[in-house]
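Taken in sequence, the protein lines are chains R and D. One gets our numbering by counting positions in the first sequence from 1 and adding 4 to each. One gets our numbering by counting positions in the second sequence from 1 and adding 16 to each.
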Amino acid sequence: MNQSAVLADLRERIALIEGACARHPALPFGIEAIDRHLPAGGITTGALHEVAGSPELADDAAATVFLAGILARCEGPVFWCLRWRDLFAPALHLAGLDPDRVIYVEAGSDTNVLIAMEECLRHAGLGGVVGELKKTTLTASRRLQLAAEQSGVPAFVFRRAAPIDDVASGTAALTRWRVTAAPSEQLGIPSLGRPRWQLELERARGGDPQLWTVEACDETGRIGLLPDVAHGPRQAEDRHAA
Amino acid sequence: MIAAVDGAARRLGILPGMTVTRARSLAPEIEVVDADPDGDLEGLRRLALWAGRLYSPVVAPDPPDGIWMDITGCAHLFEGEVPLLKDIMRRIAGSGMACQGAIADTAGCAHAVARFVPSRRPNIVEAGQTRKAMSILPVAALRIEPGVADELRRMGFERIEQLIAAPRAPLAKRFGRQLYKRLDQAMGQIPEPIDPIFPIDMPRVRRGLLEPVGTADAIAQVIGDLSADIAAVMTKSGIGARRLDLHFERVDGHRPAVRVGTAKPTRDVRHMTKLLSQKIETVDPGLGIEAMSLVASLVQPMGATQIGTTLQSDRRGPDLPSIVDTLANRFGARALYRAIPRESAMPEREVGVTPAMSAPATIAWADDLPRPARTIEPPERVDVMAALPDSPPAMFVWRGRRYRITQADGPERLHGEWWREAGHEADTPLAVRDYFQVETEKGGRYWLFRLGDGENPATGPMRWFIHGAFA
Numbered sequence: 005m006n007q008s009a010v011l012a013d014l015r016e017r018i019a020l021i022e023g024a025c026a027r028h029p030a031l032p033f034g035i036e037a038i039d040r041h042l043p044a045g046g047i048t049t050g051a052l053h054e055v056a057g058s059p060e061l062a063d064d065a066a067a068t069v070f071l072a073g074i075l076a077r078c079e080g081p082v083f084w085c086l087r088w089r090d091l092f093a094p095a096l097h098l099a100g101l102d103p104d105r106v107i108y109v110e111a112g113s114d115t116n117v118l119i120a121m122e123e124c125l126r127h128a129g130l131g132g133v134v135g136e137l138k139k140t141t142l143t144a145s146r147r148l149q150l151a152a153e154q155s156g157v158p159a160f161v162f163r164r165a166a167p168i169d170d171v172a173s174g175t176a177a178l179t180r181w182r183v184t185a186a187p188s189e190q191l192g193i194p195s196l197g198r199p200r201w202q203l204e205l206e207r208a209r210g211g212d213p214q215l216w217t218v219e220a221c222d223e224t225g226r227i228g229l230l231p232d233v234a235h236g237p238r239q240a241e242d243r244h245a246a
Numbered sequence: 017m018i019a020a021v022d023g024a025a026r027r028l029g030i031l032p033g034m035t036v037t038r039a040r041s042l043a044p045e046i047e048v049v050d051a052d053p054d055g056d057l058e059g060l061r062r063l064a065l066w067a068g069r070l071y072s073p074v075v076a077p078d079p080p081d082g083i084w085m086d087i088t089g090c091a092h093l094f095e096g097e098v099p100l101l102k103d104i105m106r107r108i109a110g111s112g113m114a115c116q117g118a119i120a121d122t123a124g125c126a127h128a129v130a131r132f133v134p135s136r137r138p139n140i141v142e143a144g145q146t147r148k149a150m151s152i153l154p155v156a157a158l159r160i161e162p163g164v165a166d167e168l169r170r171m172g173f174e175r176i177e178q179l180i181a182a183p184r185a186p187l188a189k190r191f192g193r194q195l196y197k198r199l200d201q202a203m204g205q206i207p208e209p210i211d212p213i214f215p216i217d218m219p220r221v222r223r224g225l226l227e228p229v230g231t232a233d234a235i236a237q238v239i240g241d242l243s244a245d246i247a248a249v250m251t252k253s254g255i256g257a258r259r260l261d262l263h264f265e266r267v268d269g270h271r272p273a274v275r276v277g278t279a280k281p282t283r284d285v286r287h288m289t290k291l292l293s294q295k296i297e298t299v300d301p302g303l304g305i306e307a308m309s310l311v312a313s314l315v316q317p318m319g320a321t322q323i324g325t326t327l328q329s330d331r332r333g334p335d336l337p338s339i340v341d342t343l344a345n346r347f348g349a350r351a352l353y354r355a356i357p358r359e360s361a362m363p364e365r366e367v368g369v370t371p372a373m374s375a376p377a378t379i380a381w382a383d384d385l386p387r388p389a390r391t392i393e394p395p396e397r398v399d400v401m402a403a404l405p406d407s408p409p410a411m412f413v414w415r416g417r418r419y420r421i422t423q424a425d426g427p428e429r430l431h432g433e434w435w436r437e438a439g440h441e442a443d444t445p446l447a448v449r450d451y452f453q454v455e456t457e458k459g460g461r462y463w464l465f466r467l468g469d470g471e472n473p474a475t476g477p478m479r480w481f482i483h484g485a486f487a
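Here it is, written out as structure tokens:
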């Protein structure tokens with residue numbers, strides 16, 4: 005048995021012990037370079053994931069569309085729990101997420117968003133549940149992770165305006181992503197090319213932190229990879245910070 | 017004898033209690049309609065039922081000219097007590113009736129303030145301010161016989177505070193217990209529950225309890241039984257409930273109630289039980305509850321449904337109505353919505369809001385127009401530097417930060433909606449907005465627009481605004 009097979013076997017056993025990602029299917033990005041770094045080969049359904057932008061509004065907007073792209077490829081209705089109403093629905097439509105599938109819950113506060121998310125996650129068959137929060141705690145994320153595991157619905161905590169150098173608090177989420185805008189290709193004409201993002205996998209249970217530069221979602225919610233600027237694994241100290 | 021007059025007659029000096037002959041001598045052209053106390057009472061009842069449908073399950077007519085409502089636990093659905101009362105008064109005024117309203121801790125205090133503080137606006141007596149509010153009102157505000165009030169006034173009692181200060185025994189002896197009962201009720205020293213009326217013809221079930229209950233488990237048990245009872249009633253008549261009112265009869269005479277709504281008609285026992293059980297914590301059982309009744313106060317026809325067979329596959333869609341109802345009863349129905357496309361030239365009105373369970377939209381947003389993921393509403397002013405007046409901006413300053421622009425796309429010209437009233441600065445009927453999608457050196461994309469076409473000043477002052485951020 006070669007080394008990688010041994011490692012894969014060990015990972016699988018650990019995952020079984022942790023009781024995560026074994027029973028629920030995963031939703032791949034369709035990009036080998038990204039999917040192979042994710043524990044289940046994609047965004048695991050039936051688990052909690054964290055997504056953040058940055059205090060820059062454009063980065064939060066990028067994270068929004070990143071989420072919409074993932075949800076566009078799920079099946080079933082989506083609950084999007086908001087603290088305040090600044091989400092512009094046509095952008096979700098442009099990322100391939102049918103507006104008829106999305107039900108917004110304007111909960112008003114972090115606590116209420118968490119209550120609403122947990123309630124939604126009790127029901128199987130949803131496409132996904134998103135909660136926009138300012139802050140979350142380890143306990144809250146554990147509750148959401150448990151609820152998601154029970155129902156098999158993917159849950160996303162979207163931390164709004166999360167500072168980049170945020171000393172990351174503990175979380176029970178399976179993966180944590182940060183999406184920030186990156187300069188797009190100079191076309192040389194007065195027009196704009198496809199937007200680009202810096203996609204950072206800050207934390208993945210059973211995986212290493214990663215950093216990619218990707219092209220933003222197309223109209224079916226798929227992101228594209230730029231092969232020449234793809235980065236390798238991040239430094240070890242980054243991992244400890246994350 | 018004149019029983020009631022309208023505002024116009026009052027201005028002519030005609031008052032209730034005059035004889036018709038006297039009134040005619042003041043204004044010969046007046047129109048006299050026979051008084052119809054029974055009709056008035058019936059009208060009041062209908063008004064109370066209307067208020068019960070819209071605002072709160074606990075309503076009762078308060079003859080001859082008022083209605084009571086217990087709005088405990090209902091105000092949050094209207095974003096507060098003041099908006100709720102404003103909404104009631106606006107609707108009643110809209111139907112051509114004059115009305116005054118008040119909210120207070122006790123029924124007696126609300127009754128007094130609504131009648132004796134003349135105002136077209138809602139009067140709110142803050143919690144704990146009952147004594148202060150009552151003491152400045154005249155004694156007649158106490159719901160006592162007019163004769164008693166007159167006599168009190170002759171004895172020098174003008175205001176209620178004098179009555180509170182005076183020794184009780186002599187006055188009680190002279191005027192009977194009624195006077196102090198009313199005073200204590202208004203002050204909240206003895207309870208005065210509202211005895212609610214129910215719409216007739218609505219499915220209603222009641223369970224009396226052998227022993228008063230007070231624990232959440234016991235109440236949940238009764239809720240389950242009542243739900244089963246009412247489901248049976250509704251199945252027989254082929255209807256489903258859109259709204260359920262659960263009334264509690266407490267040992268001490270209080271009648272608290274809770275209300276839940278559903279997005280689609282239902283008679284599913286489990287669903288109804290779950291919705292109602294979530295409200296248990298909002299009800300104070302006091303010394304115990306001796307009976308509970310459940311009313312389906314809003315119903316809709318609902319055909320027979322086939323219940324699941326073993327042949328059905330296990331894979332079923334999620335129980336959306338159940339989630340939507342649970343969340344709507346917690347956060348208010350307005351907090352749950354879907355976004356639908358609307359025909360509008362202005363981006364801020366392109367998105368409409370529709371109830372979560374309504375039919376899918378029939379039109380769609382354009383696929384080819386860039387639209388931001390996050391908007392800034394209303395658009396904020398930014399300072400912009402551009403090489404030439406007509407070229408895309410090279411830099412902008414927003415909230416004190418400079419953003420250098422590397423690339424831009426635009427303009428997309430949008431014209432104001434001349435058929436609308438003017439809104440904020442950038443939303444005038446004749447406004448012209450030239451939208452640019454700009455990319456900063458870090459890659460962030462923002463949506464800027466210039467207000468005005470540069471030729472006609474009515475289209476705008478050529479100022480720049482930021483309206484959102486793209487992915």
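Glycine included, each C-beta is placed from N, C-alpha and C at the ideal position.
- Item | Ordered list of alpha helix (DSSP H) runs contained in the segment 166-226 of chain R, each at least 4 residues | none
- Message: For K280(D), report the span of its beta strand (DSSP E) as first-last.
- Response: As a working mapping, residue 280(D) is identified with position 264 in the second sequence. Note, K280(D): beta strand (DSSP E), A273 to T282.
- Could you give the residue range of the alpha helix (DSSP H) that holds C85(R)? As a first step, residue 85(R) is located in the first sequence; it is residue number 81 there, counting from the start. No alpha helix (DSSP H) contains C85(R), which is instead part of the beta strand (DSSP E) from V82 to L86.
- Message: Just checking: is the beta-carbon of C78(R) within a distance shorter than 7 Å of some beta-carbon in chain D?
- Response: The count along the first sequence starts at 1 and reaches residue 78(R) at position 74. No, because no Cβ of chain D sits closer than 7 Å to the Cβ of C78(R).
- Query: Does DSSP classify L404(D) as helix, strand or coil?
  - Reply: One-based indexing of the second sequence puts residue 404(D) at position 388. Here L404(D) sits in coil by DSSP.
- At 8 Å on the CB atoms, spell out the chain R contacts of V367(D), in chain order. In the second sequence, counting from the first residue as 1, residue 367(D) sits at position 351. Chain R residues near V367(D): F92, A93 and P94.
- Task: Starting from I152(D), trace the beta strand (DSSP E) both ways and give me its first and last residue.
- Result: As a position in the second sequence, residue 152(D) is number 136, starting the count at 1. No beta strand (DSSP E) contains I152(D), which DSSP labels as neither H nor E.
- Task: Could you tell me which of S8(R), L191(R), A56(R) and L125(R) sits nearest to D169(R), measuring between CA atoms?
- Result: Along the first sequence, one-based indexing puts residue 169(R) at 165. The candidate whose alpha carbon is nearest that of D169(R) is A56(R).
- For P228(D), which three-state DSSP category applies? By one-based count along the second sequence, residue 228(D) stands at place 212. Strand.
- Message: Within 10 Å of its beta-carbon, does L28(D) have 16 or more other beta-carbons around it, so buried, or fewer, so exposed?
- Response: Taking the second sequence and counting its residues from 1, one reaches residue 28(D) at position 12. L28(D) comes out exposed.
- Check the Cβ of A166(R) against every Cβ in chain D and list those closer than 8 Å, keeping chain order. As a position in the first sequence, residue 166(R) is number 162, starting the count at 1. Correct list: empty, because the minimum Cβ distance to chain D is about 14 Å.
- Query: Should Q423(D) be flagged as near chain R, meaning a C-beta pair shorter than 7 Å?
  - Reply: As a first step, residue 423(D) is located in the second sequence; it is residue number 407 there, counting from the start. It does: the Cβ of Q423(D) has a partner Cβ on chain R nearer than 7 Å.
- How many angstroms separate the CA atom of L11(D) from the CA atom of M150(D)? Since the first residue shown for chain D is 17 and the last is 487, residue 11(D) is missing from the structure and cannot be characterised.
- Message: If the cut-off is 9 Å on Cβ atoms, which residues from the segment 80-101 of chain D count as contacting chain R, listed in chain order?
- Response: none
- Message: Using only the alpha-carbon positions, how far apart do P408(D) and A355(D) sit?
- Response: Start at 1 with the first residue of the second sequence, and residue 408(D) comes out as number 392. Start at 1 with the first residue of the second sequence, and residue 355(D) comes out as number 339. Whole-angstrom Cα-Cα distance: 32 Å.
- Taking contact to mean at least 3 C-beta pairs separated by less than 8 Å, is the segment 305-314 of chain D in contact with the segment 249-261 of chain D? yes
- Hey, P395(D) and A438(D): beta-carbon distance below 7 Å or not? Here the question's residue 395(D) lines up with position 379 in the second sequence. Here the question's residue 438(D) lines up with position 422 in the second sequence. Cβ distance not < 7 Å, so P395(D) and A438(D) don't count as in contact.
- Item | Members of the segment 454-465 of chain D that neighbour chain R once the beta carbon cut-off is set at 8 Å | E455, T456, E457, K458, G459, G460, R461 and Y462
- Message: Suppose contacts are defined by Cβ-Cβ distances below 7 Å. Is L75(R) in contact with A177(R) by that definition?
- Response: Position 71 of the first sequence, counted from the start, is the residue given in the question as residue 75(R). Position 173 of the first sequence, counted from the start, is the residue given in the question as residue 177(R). Cβ distance not < 7 Å, so L75(R) and A177(R) don't count as in contact.
- Task: Would you check if there are 3 or more beta carbon pairs closer than 8 Å linking the segment 152-164 of chain R to the segment 382-391 of chain D?
- Result: no
- Can you tell which of F94(D), D52(D), D81(D) and D78(D) has the C-alpha that lies nearest to the C-alpha of Y71(D)? Position 55 of the second sequence, counted from the start, is the residue given in the question as residue 71(D). Ranking F94(D), D52(D), D81(D) and D78(D) by Cα distance to Y71(D) puts F94(D) first.
- Item | Euclidean distance between Cα positions of R209(R) and G254(D) | The count along the first sequence starts at 1 and reaches residue 209(R) at position 205. The count along the second sequence starts at 1 and reaches residue 254(D) at position 238. Computed Cα separation, rounded: 53 Å.
- Query: Which chain D residues sit within Cβ distance under 9 Å of P29(R)?
  - Reply: For this step, residue 29(R) is matched to residue 25 along the first sequence. Per Cβ cutoff of 9 Å: no residues; P29(R) is ~14 Å from chain D at best.
- Task: Would you kindly work out how many angstroms separate the C-alpha atoms of K458(D) and P427(D), rounded to a whole number?
- Result: Position 442 of the second sequence, counting from 1, holds the residue named residue 458(D). Position 411 of the second sequence, counting from 1, holds the residue named residue 427(D). Their backbone Cα atoms lie some 22 Å apart in a straight line.
- Message: For M85(D), count the other beta carbons within 10 Å of its own beta carbon; 16 or more makes it buried, fewer makes it exposed. Which is it?
- Response: If you number the second sequence from 1, residue 85(D) lands on position 69. Looking at its Cβ environment, which holds 16 or more other Cβ atoms inside 10 Å, M85(D) is buried.
- Query: E79(R): which of P334(D), R397(D) and A410(D) sits nearest, CA to CA?
  - Reply: Start at 1 with the first residue of the first sequence, and residue 79(R) comes out as number 75. It is P334(D).
- Helix, strand or coil: how does DSSP classify M362(D) here? Numbered from its first residue, the second sequence carries residue 362(D) at position 346. The answer is coil: DSSP assigns M362(D) none of H, G, I, E or B.
- Query: Looking at the structure shown, is L464(D) part of a helix, part of a strand, or coil, going by DSSP?
  - Reply: Here residue 464(D) is taken as the residue at index 448 of the second sequence, counted from 1. Here L464(D) sits in strand by DSSP.
- At least 3 beta-carbon pairs within less than 8 Å: the segment 269-288 of chain D vs the segment 192-212 of chain D: yes
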